[in-house]
Amino acid sequence: IVPRDHLNALKLERQRIDLWFTGRLQGLYLAKNNEVTGLKKIYKTPSRYMYIAFNLKTSDTVIDKLNKTLKEMESDGFVESVYDKYR
355 IVPRDHLNAL
365 KLERQRIDLW
375 FTGRLQGLYL
385 AKNNEVTGLK
395 KIYKTPSRYM
405 YIAFNLKTSD
415 TVIDKLNKTL
425 KEMESDGFVE
435 SVYDKYR
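Residue 355 is where the sequence shown starts when you use the working numbering, and the numbers rise one by one after that.
This is the structure:
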């Protein structure tokens, strides 16, 4: 058990653990920031959806604007460019 997930990357590199289950981008990011190389993906879980919760008083206008912006970021390649920074 570790207090921060980045320590698992270090433990894996030092062979103190055999497997590290983490999110794809998070794992790449943490490994890169801790100069851990040579990791190999061995198992992929099914994709999952992420959600954002809002206060019930949040206006539909704000939610619609956010959804529109997220779709634009996906379609113009911005999201993929962010992913590329962590691969």
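Ideal Cβ placement from N, Cα and C applies to all residues, glycine included.
Contact annotation: tyrosine 437 and tyrosine 383 have beta-carbon atoms that are not nearer than 8 Å. Of the candidates Ser413, Thr399 and Asn362, the residue whose Cα lies closest to the Cα of valine 390 is Asn362. Comparing C-alpha distances from methionine 404 to each of Asp414, Leu393, Leu410 and Leu424 shows the shortest one belongs to Leu424.
Here aspartate 414 carries a helix assignment [DSSP, helix/strand/coil]. In the three-state reduction of the DSSP assignment, glycine 381 falls in the helix class.
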